[in-house]
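*Asks:* Just so you know, we're using our numbering here: the sequence shown kicks off at 11 and counts up by one.
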Amino acid sequence: MLKRAYGATVFLSAAMLMVLEITAGRIIAPYVGNSLYSWTSVIGIVLAGLSFGNWLGGWLADRNHGHLTLGITLGLGALASLLVLALLPAFGTLLQGRTLSLAWTSILLVLGLFLLPSILLGVISPLATTLYLKIDDSVGRAVGLLHALAATGSIFGTFAAGFLFIQWIGTRWTVILVAAVLLLLAVPWLLRGRHRTAILTSLLGAGAVITAIAGHVDGFASPCDEESRYYCLRVVEEADGNGEAWARSLVIDHMRHGTNVLNDTQALWTPYIHGMDTLVEARFPHGKHLRYFFVGGGAYTHPRALADRTPRPEIVVSEIDPAVTGISESMLDLDASGMTIHHTDSRYALSLYDGGHFDVIVLDAFHDVGIPHHLVTREFNDNVRQRLADNGLYLINAIDRFPDSALIRSMLTTLEESFEHVGVWIERPEDGQDRLTYIVCASRTPLPFASIASAHGLPRTWYDISEFVEQQREQHGAVVLTDDYAPVERLISVLFTSPEQI
Numbered sequence: 011m012l013k014r015a016y017g018a019t020v021f022l023s024a025a026m027l028m029v030l031e032i033t034a035g036r037i038i039a040p041y042v043g044n045s046l047y048s049w050t051s052v053i054g055i056v057l058a059g060l061s062f063g064n065w066l067g068g069w070l071a072d073r074n075h076g077h078l079t080l081g082i083t084l085g086l087g088a089l090a091s092l093l094v095l096a097l098l099p100a101f102g103t104l105l106q107g108r109t110l111s112l113a114w115t116s117i118l119l120v121l122g123l124f125l126l127p128s129i130l131l132g133v134i135s136p137l138a139t140t141l142y143l144k145i146d147d148s149v150g151r152a153v154g155l156l157h158a159l160a161a162t163g164s165i166f167g168t169f170a171a172g173f174l175f176i177q178w179i180g181t182r183w184t185v186i187l188v189a190a191v192l193l194l195l196a197v198p199w200l201l202r203g204r205h206r207t208a209i210l211t212s213l214l215g216a217g218a219v220i221t222a223i224a225g226h227v228d229g230f231a232s233p234c235d236e237e238s239r240y241y242c243l244r245v246v247e248e249a250d251g252n253g254e255a256w257a258r259s260l261v262i263d264h265m266r267h268g269t270n271v272l273n274d275t276q277a278l279w280t281p282y283i284h285g286m287d288t289l290v291e292a293r294f295p296h297g298k299h300l301r302y303f304f305v306g307g308g309a310y311t312h313p314r315a316l317a318d319r320t321p322r323p324e325i326v327v328s329e330i331d332p333a334v335t336g337i338s339e340s341m342l343d344l345d346a347s348g349m350t351i352h353h354t355d356s357r358y359a360l361s362l363y364d365g366g367h368f369d370v371i372v373l374d375a376f377h378d379v380g381i382p383h384h385l386v387t388r389e390f391n392d393n394v395r396q397r398l399a400d401n402g403l404y405l406i407n408a409i410d411r412f413p414d415s416a417l418i419r420s421m422l423t424t425l426e427e428s429f430e431h432v433g434v435w436i437e438r439p440e441d442g443q444d445r446l447t448y449i450v451c452a453s454r455t456p457l458p459f460a461s462i463a464s465a466h467g468l469p470r471t472w473y474d475i476s477e478f479v480e481q482q483r484e485q486h487g488a489v490v491l492t493d494d495y496a497p498v499e500r501l502i503s504v505l506f507t508s509p510e511q512i
């Protein structure tokens, strides 16, 4: 019976650590986004805590620590898990307002929240294994069994978190579940030791205090209107000076992804969307029935505007997350009834169409601080060219620094391998501006103008700065982005996390 208890403890503690690790990536997303940097920080720091915890567990086992230490460690692991919710709002907001790189912000946020529970849960396996060996002298079999149970528990926890807990009960309740399981695991071991009443009372009292603090700072309240299988989604109202809502914006994780003016589909408030629309109108000035393919839906601001025009174009949208479409329809004034929407990866969705099918293809899939790397490679550009009409236009929204735009230079270089003509468009930047949204375009035939003014809506002008980017490329170089090598995060790693991203 005791052997089974050791095995169950190892299995469940390993499972809870992996549940916590998977949940960590989602919990920090509203503060630092969901990127290669955030997941690298989560995995690296949890592994670092686990490694130190394994060493500490072995050190404690060599000093004859037993059931009481096992129970106390599990109880402290439960408290450390709850502490994540108590610390998250203040700590996340504090780091978010600092001028740190995204990598450092992610590292510090994960370090402050998840290192301690990782260390404590790392203690369990070596300590329980040593205790197991005191009642079973088959060393190889016993060690192999408990290692297998720990690995199996990790697998179980990974799938349970990703496929079950986060999607059905959300991140906050998942963390609470982890704390509850660890506390329940601790109780039988604590009851076997001395001072069990005092220790249990202390753990429960500390848990109550942490819970109260978390409740006071809204640590249990999710910032999301909806937690989908991919993102934290929320809608914020934009109000005028009288407090009247005139628009709503969609925030995905920590970044605004579009603003829809209520009851006015043609009001393209977001400058880059307005700029893309203006470029298309200049390219096709005679009201031709156009066929559009949108890579990424977001707030559906541009497709929403097109759907209300005459002649109404063919609109195809590839948006991987059906929850994004749902929240746009329910809260962002979108009528998607006349659109073809694919809730799948855009490379696959685009491959479903014949060559030369679309007049305009729009890549608006910028998420956090990088475009999904497989959507900016030479191979994807070749697919776009194949499905673009001879006079078609490929438009990309991208965020980078100005004037030293390493990602834009590389995107330009990569597009030139698939298209005869490429361009980079911006509004005139303000003095000292560092972070900028660009419109990159590519086609078989050139756009015959160097600047263009909006024909409707807000008075805006966009300028082709291709020659300037070319000069920057000659000075600083660029890389060709391929399916094998597309370091988009590294190219824009100098972008700062700041309140403006929210």
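C-beta: ideal position from N, C-alpha, C; glycine also.
(1) Starting from Asp228 and walking both ways along the alpha helix (DSSP H), at which residues does that stretch end?
(2) What does Ser328 pair with, by DSSP beta-bridge criteria?
(3) Runs of 4 residues minimum, wholly inside the region 94-153: which ones carry the alpha helix (DSSP H) assignment?
(4) Given Gln511, which residues of its chain have a CB within under 7 Å of its CB, disregarding the five upstream and five downstream residues?
(5) Could you tell me the distance, in whole angstroms, from the CA atom of Ala375 to the CA atom of His367?
(6) Indicate whether Val56 and Ser128 have their beta-carbon atoms separated by less than 8 Å.
(7) Taking 8 Å as the threshold (C-beta atoms), are Arg419 and Gln482 in contact?
(8) Would the beta-carbon of His77 fall within 8 Å of that of Arg202?
(9) Between the alpha carbons of Arg322 and Tyr41, how many angstroms are there, rounded?
(10) Which residue spans inside the region 173-201 form an unbroken beta strand (DSSP E) run of at least 3?
(11) Here's the rule I'm using: 16 or more other beta-carbon atoms within 10 Å means buried, otherwise exposed. How should Leu12 be labelled?
(12) Is DSSP giving His431 helix, strand or coil here?
(13) Contact criterion: CB-CB distance below 8 Å. Does Val490 meet it with respect to chain B?
(14) Taking all protein chains shown into account, decide if Thr507 is buried (16 or more other Cβ within 10 angstroms of its Cβ) or exposed.
(15) So, is Glu254 buried or exposed, given that buried needs 16 or more other C-beta atoms within 10 angstroms?
(16) Assuming His352 and Ala346 are in contact, meaning their beta carbons sit under 8 Å apart, how far apart are those beta carbons, in whole angstroms?
(17) Identify, in the order they occur along the chain, each residue of the same chain with its Cβ nearer than 7 Å to the Cβ of Leu93, setting aside the five sequence neighbours on each side.
(18) Between which two residues does the alpha helix (DSSP H) carrying Glu484 extend?
(19) Do you know whose CA, among Thr83, Asn64, Ile179, lies nearest Gly132's CA?
(20) Looking at the secondary structure, which residues open and close the beta strand (DSSP E) in which Ala399 lies?
(21) In chain order, what residues of the same chain have a beta carbon less than 7 Å from the beta carbon of Gly180, not counting five sequence neighbours either side?
(22) Buried or exposed: which applies to Asp72, given that a residue is buried once 16 or more other Cβ atoms fall within 10 Å of its Cβ?
(23) For the beta strand (DSSP E) containing Val386, list its first residue and its last residue.
(24) Where do the ends of the alpha helix (DSSP H) carrying Glu248 lie?
(25) Taking the CB atoms as reference points, tell me whether Val52 and Thr184 lie closer together than 8 Å.
(26) Going by DSSP, what residue range makes up the alpha helix (DSSP H) through His312?
(27) Do the CB positions of Leu130 and Gly87 come within less than 8 Å of each other?
(28) Would you mind sorting Gly67 into buried or exposed? The rule is 16 or more other CB atoms within 10 Å of its CB.
(29) Please classify Pro509 as buried or exposed, where buried requires at least 16 neighbouring CB atoms within 10 angstroms.
(30) Is the distance from the Cβ of Leu385 to the Cβ of Met286 below 8 Å?
(31) Spell out the partners DSSP gives Cys451 in its beta bridges.
(32) So does the region 445-459 actually touch the region 422-433, counting three or more Cβ pairs closer than 8 Å?
(33) Name, in chain order, the residues that DSSP records as bridge partners for Glu291.
(34) Taking the alpha-carbon of Phe459 as reference, which of His466, Gly467, Thr471 has the nearest alpha-carbon?
(35) Taking the beta strand (DSSP E) that Trp65 falls in, what are its first and last residues?
(36) Specify the secondary structure class of Leu519 as computed by DSSP and reduced to three states.
*Replies:* On the basis of the data shown:
(1) As a working note, residue 228 is residue 218 in the sequence shown. Careful: Asp228 lies outside any alpha helix (DSSP H) and carries neither H nor E.
(2) Position 318 of the sequence shown holds residue 328. DSSP output for Ser328 lists Val305, His352 as bridge partner(s).
(3) 112-143
(4) Taking the sequence shown and counting its residues from 1, one reaches residue 511 at position 501. With a pLDDT of only 41 at Gln511, under the threshold of 50, the placement of this residue in the model should not be trusted, and no figure is reported.
(5) For the purposes of this step, residue 375 is identified with residue 365 of the sequence shown, where counting begins at 1. For the purposes of this step, residue 367 is identified with residue 357 of the sequence shown, where counting begins at 1. Going by the C-alpha atoms only, they are around 21 Å apart.
(6) Taking the first residue of the sequence shown as 1, we reach residue 56 at position 46. Taking the first residue of the sequence shown as 1, we reach residue 128 at position 118. It is a contact, given that the beta carbons lie within the stated cut-off.
(7) Taking the first residue of the sequence shown as position 1, residue 482 is located at position 472. Taking the first residue of the sequence shown as position 1, residue 419 is located at position 409. Cβ atoms of Gln482 and Arg419: closer than 8 Å.
(8) As a working note, residue 77 is residue 67 in the sequence shown. As a working note, residue 202 is residue 192 in the sequence shown. Yes, they are a contact pair.
(9) By one-based count along the sequence shown, residue 322 stands at place 312. By one-based count along the sequence shown, residue 41 stands at place 31. Near 39 Å, if we compare the C-alpha coordinates of Tyr41 and Arg322.
(10) none
(11) The residue you call residue 12 lines up with position 2 of the sequence shown. When all chains shown are included, Leu12 counts as exposed.
(12) Here the question's residue 431 lines up with position 421 in the sequence shown. The answer is strand: DSSP assigns His431 an E or B state.
(13) No chain B appears in this structure, which consists of one protein chain only.
(14) If you number the sequence shown from 1, residue 507 lands on position 497. Any reading at Thr507 must be qualified, since the residue scores a pLDDT of 42, below 50, and its modelled position is unreliable; the value itself is stated next. Burial call: buried.
(15) Counted from its first residue, the sequence shown places residue 254 at position 244. With fewer than 16 Cβ atoms within 10 Å of its Cβ, Glu254 is classed as exposed.
(16) Against the sequence shown, residue 352 aligns to sequence position 342. Against the sequence shown, residue 346 aligns to sequence position 336. 12 Å between Cβ atoms; not a contact.
(17) Looking up residue 93 in the sequence shown gives position 83. Here the set comprises Ile220.
(18) Within the sequence shown, numbered from 1, the residue matching residue 484 stands at position 474. Per DSSP, Glu484 belongs to the alpha helix (DSSP H) from 476-486.
(19) For this step, residue 132 is matched to residue 122 along the sequence shown. Minimum Cα distance to Gly132 is reached at Asn64.
(20) Mapped onto the sequence shown, residue 399 falls at position 389. Taken as a continuous stretch (DSSP letters only), the beta strand (DSSP E) holding Ala399 covers 398-411.
(21) Residue 180 sits at position 170 when you count from the first residue of the sequence shown. Only Ser232, Glu237 meet the Cβ criterion.
(22) Taking the first residue of the sequence shown as position 1, residue 72 is located at position 62. Its Cβ having fewer than 16 others within 10 Å, Asp72 is exposed.
(23) Mapped onto the sequence shown, residue 386 falls at position 376. It is not in any beta strand (DSSP E) - Val386 carries neither H nor E in the DSSP assignment.
(24) As a first step, residue 248 must be located in the sequence shown, where it is residue number 238. Looking at the DSSP string, Glu248 is not in any alpha helix (DSSP H); the run it does join, the beta strand (DSSP E), is 242-249.
(25) Residue numbering aside, residue 52 sits at position 42 when the sequence shown is read from its first letter. Residue numbering aside, residue 184 sits at position 174 when the sequence shown is read from its first letter. The answer is no: Cβ separation not under 8 Å.
(26) Mapped onto the sequence shown, residue 312 falls at position 302. Taken as a continuous stretch (DSSP letters only), the alpha helix (DSSP H) holding His312 covers 311-317.
(27) Taking the first residue of the sequence shown as position 1, residue 130 is located at position 120. Taking the first residue of the sequence shown as position 1, residue 87 is located at position 77. Going by C-beta atoms, Leu130 is nearer than 8 Å to Gly87.
(28) Position 57 of the sequence shown, counted from the start, is the residue given in the question as residue 67. Answer is buried; the Cβ neighbour count reaches 16.
(29) Reading the sequence shown from its first residue, position 499 is the one you call residue 509. In this prediction, Pro509 scores a pLDDT of 39, lower than 50, which makes its location untrustworthy; no coordinate-derived value is stated.
(30) Residue 385 sits at position 375 when you count from the first residue of the sequence shown. Residue 286 sits at position 276 when you count from the first residue of the sequence shown. Contact: no.
(31) For this step, residue 451 is matched to residue 441 along the sequence shown. Per DSSP, Leu405, Gly433.
(32) yes
(33) Working through the sequence shown from its first residue, we reach residue 291 at position 281. DSSP, once it has assigned bridges, lists no residue as partnering Glu291.
(34) Here residue 459 corresponds to residue number 449 of the sequence shown, with the count starting at 1. It is Thr471.
(35) For the purposes of this step, residue 65 is taken as residue 55 along the sequence shown, with counting starting at 1. Careful: Trp65 lies outside any beta strand (DSSP E), inside the alpha helix (DSSP H) at 46-72.
(36) With the chain represented from 11 up to 512, any question about residue 519 goes unanswered, as that position is not in the structure.
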